[in-house]
Amino acid sequence: MRAALAPKRFVKPDQLRGELASAVAENGTTKAGLRPAIVKVLKAVLEQSHALAETQLIADGDGTRCAESLSLTEDEIIRSLFDLANTTLYPSNGPEERISVVAVGGYGRGTLAPGSDIDLLFVLPTRQTERVQNIVEFILYCLWDTRQKVGHATRSIDECIRLAKSDNTILTAILEARFICGDEALFERLASEFRREIVSKGARDFIADKLGERDRRHLKVGESRYIVEPDVKDGKGGLRDLNTLFWIAKFIYATNATDELAEKGAFTHEELAIFKKCERFLWAVRCHLHFLSKRGNDRLSFDRQSDIAERLGYKAHGGLKHVERFMKHYFLVAKDVGDLTRILCASLEAQQVKDAPGLGRVLGRLISKTSGTLRDAPDFRVESGRVVPSSPEVFTKNPVNIIRLFAVAGRHGAEIHPDALKLLRKSLGLIRNILDNPEANAIFLELLTASENPDIVLRMMNEAGVLGRFIPAFGRIVAMMQFNMYHHYTVDEHLIRAVGHLSAIERGRLSEDHPLSTAIFPTITSRRLLYVAVFLHDIAKGRKEDHSIAGERIALELCPRLGLTASETETVAWLIRHHLLMSETAQMRDLNDFKTILDFCAVVQSVERLKLLIILTVADIRAVGPGVWNGWKGQLLRTLYTEAEPVLTGGHTAVSRKERVNGAQGAFFARMPSWSDEQKTAYAARHYDAYWLGSSTDKQVKHAEMISEASPKSVVTSFETDAFTAITELSIYTPDHPRLLALITGACAAAGANIAGAQIFTTTDGMALDTILIQREFPDEEDERRRAERIAELVRKALRGELWLKEAVAKAYKPQQRIKAFTVEPRVIIDNQSSNRFTVIEINGLDRIGLLYDLTEALYKLNLNIASAHVTTFGEKAVDVFYVTDLTGAKIENTTRHKQIENALANILKPAAQPAPIKA
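Residue numbers for the sequence shown follow the numbering used here, beginning at 42 and rising by one.
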């Protein structure tokens, strides 16, 4: 490992003091003329030091050195300002008042990012005099005028100690206090009083508070360390977690430097090296992020990841982009930070200065000295809710115990003692000896399929480094991110979450969201093959080959090892090969076109596979990230399932299509008790079967309310907001016409709304009932409702001909910063095979506000009738599918016409291009 480099001084103290003295000589000591001159000098110093620090960081990649160098620059600035104020601007006329200028917070640790806050504490022996106040104000105003963010407090020693006893934030700040200038004896007295009055009183409460604070912070910024846009400072596995470790170690071991952590017994020398390596890397990322952003931004967003990957020297390799290799390194470092936390906590527990956690809690009972040996696993016992090996040789004596350890934890709902994990890490090399061990594989299969919460156990295995070694193909995707806006987690975390959702479906915990999947789960013939398929469905991500094809091959090799039969293995391989089939068909094809159902069934071939596929699809989508699943997707999947089932059973099904339509109508009319039979008959005849089967009863009730308000040729709108799915649904009821969808999507674009989906129905009396899914913009419900009403008003204006769309859309267009980081290969596919009645046009491109409007307007100008539209977004990628005919209602068969359509639509997909006028 590369040795740490000493920080570099970018500012020569004598030179800076000389420049400040020259400023005084030229401008005198009056505030009006002097401070601007001083600020000019300081800005030049900061600009130069930041430029040198950035150059140094790009050259050596040592983030800690960069942060320490910037801290040294700030030290020299503050010392120079203090000396100038103390000796020249406000000289003492009598006994000199004592003051100590102290760095606290992150600055107290001697590290600063380019956009970090500067936290200062001005320590006084007693009360503040006018002269001291003038000195403090001069320093602060000069720093503020340089546009730095400065936090400060002026307190006596007694005040510092009193406040530290009642406020843990102040306690932590003083714990990290570092002397900069002034009266050093005063600072030493503060440090001495702090150790006597605070530190010596015991550490248990401080540790509990810091770990609790850490957990609350994780919940705020994201509970997983594998979120694809992590917060480098406050996220799980970020710099603040390292800070927390150091605060605890400093409090307990009275250490002032990370080098002392090994000497004091907090870490081994190897663990200390990992600590410093993590620190260097995370500081490098944070400093680069600040340099690129020109401000104190700690969110590692997509639009910055690629630039930082280049600065750190990552190259594309083995099917991974350079940015994906960089982010994989980031997540492995975040995992190391988690390991270090567990190691330190184990060390503290051994000293009885930290309470032992119960499952899912930070604090619980003290470690019990009694133990209970387990009948089903005599090599382990449970102590205070945690699994402990019975002897230090438990893994070397029988390496199968490495897998059994996690099975025991899952079976008993227990955590694993940090000492056991420490022993486990030393034995990881033994795992290669049990890859083909039938007992080890049987234990793993039981762990995967029979645990109450298999995702928790799998995550424990993954964090410990076991899962990737026992399933080598899984090891390739550990900490791997997919550089797109669709997936919220790394690939390994996505797979583990998918297994968790599968378990929740089986146990009925998601029955309200997924009634069909919950109902059919008990009827599948092999539940264990479904768990294996869900666990493996994305295991081949990051390879040059299509991950579904490569994953199928991995499954054929791995499943027999795990103990699956030949038939189960074949089904798992098929599920992985086709795990995207159901979601793509449901979201991107017209389910009312019988050819869609026939083509889908030709691939699925059996009802058993259909059952397995829908459950896998639900678990997969749920595991992508918050807000990705919504009721609309659920309705589409249920519709596809119920349309496919009778085809796969040879036309014999428990419920026919006609019966399902009657059932949907019955459920709707049950909500309309005041309607007469005549009203019900007329309303049933108004809608085609597709409407009754393709929308929920709740939506149908709301639509009925809309329709009741409508008058001939009127436009009626309604909307619903949903904070959980982050989607706002806008419904429109209006007379149908060929340009309708273009007008609606254009109005949404003019309002700056990004469309995530669209559902189109027509009625038997020539009306259109369209629903547009719009990505939510505001977290506050009232703000989002006001926005939705503005969008609805623009839609009404557009449909009444009161809005000049082309101008309004052009005015509203703003490039989305995050999406600019991505490229999507534009594709226009014209398909006459997927439907017997329509030409299917599939368009793939980079999503943007106004894209759907441009496409629908182009189709209108191309004299194409849109029979149905299927709008899907996968993060930054838009996939829009239109079922069209020409003006006579026929398919588009002419190849010259095909080329005209392809060119017109491809022109729209060009980056930052406005579509050229299209001639009919």
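Backbone N, C-alpha and C define an ideal beta-carbon position, used for all residues, glycine too.
Small disclaimer: the values here were computed from a predicted structure and weren't measured.
Over the uninterrupted beta strand (DSSP E) stretch that includes residue i, give me the two end residues.
i	result
D160	I159 to L165
T758	V757 to D763
Q800	I796 to T803
R868	R868 to D872
G707	First-last for G707: R698 to F710, but that is the alpha helix (DSSP H), not the beta strand (DSSP E).
V191	V191 to S197
Quick check on residue i: buried or exposed, where buried means 16 or more other Cβ atoms within 10 Å of its Cβ?
i	result
D587	exposed
D300	exposed
W845	exposed
G253	exposed
T411	Summary for T411: the model assigns pLDDT 34, below 50, so the residue's position carries little reliability; its value from the coordinates is reported in the next sentence. Classification for T411: exposed.
N877	exposed
T71	exposed
E770	buried
G147	buried
L551	buried
T758	buried
K53	exposed
N442	buried
Under the DSSP definition of a beta bridge, which residues are partnered with residue i?
i	result
Y530	I268
D579	Looking at the DSSP assignment, D579 forms no beta bridge with any residue, so it has no partner.
Y924	V881 and S909
A20	A question about residue 20 goes unanswered here, because the residues of the chain that appear run from 42 up to 961.
I773	T758 and D811
I457	V428
L361	H358
F220	V143
What residue range does the alpha helix (DSSP H) around residue i cover?
i	result
V142	Looking at the DSSP string, V142 is not in any alpha helix (DSSP H); the run it does join, the beta strand (DSSP E), is S141 to A144.
M808	Taken as a continuous stretch (DSSP letters only), M808 belongs to no alpha helix (DSSP H), being part of the beta strand (DSSP E) at M808 to Q816.
N68	P54 to N68
A790	L781 to A791
M502	P495 to E504
M629	L622 to M629
If I measure Cβ to Cβ from residue i and keep anything under 6 angstroms in the same chain, skipping five residues before and after, which residues do I get?
i	result
G604	N482, A483 and L486
S752	none
T738	A708 and F709
P495	L489, V540 and S544
V613	L570, V573, A574, A596 and C600
A627	L677, L678 and L681
R27	The requested residue 27 does not occur in the structure, where the chain is confined to residues 42 to 961.
Among the options, which residue has its Cα nearest to the Cα of residue i?
i	options	result
V364	L252, E480, M521 and R427	M521
Q56	F819, S121, T937 and H310	S121
K49	T105, L632, A62 and L784	T105
Y682	I239, S558 and L465	S558
I656	T637, E686 and E547	E547
I140	D103, D208 and R230	R230
Q1020	V645, L781, G354 and D640	Here the chain covers residues 42 to 961 and nothing more, so residue 1020 does not appear.
W673	E825, S736 and T167	S736
I119	S755, L161 and D806	L161
E866	K951, K356, D246 and A194	K951
L353	H329, M747 and P132	H329
F343	P271, R510 and T195	P271
E593	R58, R584, E611 and V659	E611
S112	A144, D103, K81 and Q89	A144
Can you list, in chain order, the residues of its chain whose CB lies under 7 angstroms from that of residue i, leaving out five sequence neighbours each side?
i	result
L900	I907, F923 and V925
Q706	A725 and W733
A418	R445 and V449
I211	L204 and A205
D224	R139, I140 and S141
Return the chain-ordered list of same chain residues with a C-beta closer than 8 angstroms to the C-beta of residue i, the five sequence neighbours on each side being excluded.
i	result
I638	L632, L681, E684, A685 and V688
D477	R602
I933	I871, N873, T880, L905, V925, T926, D927, H939 and I942
A232	A218
L280	V273, K274, E320, L323, W324 and R327
G549	T559
I565	L571, E649, K652, L653 and I656
Any chance the CB of residue i is under 7 angstroms from a heavy atom of the ligand MN?
i	result
D895	The ligand MN is not part of the structure shown, which contains no ligands of any sort.
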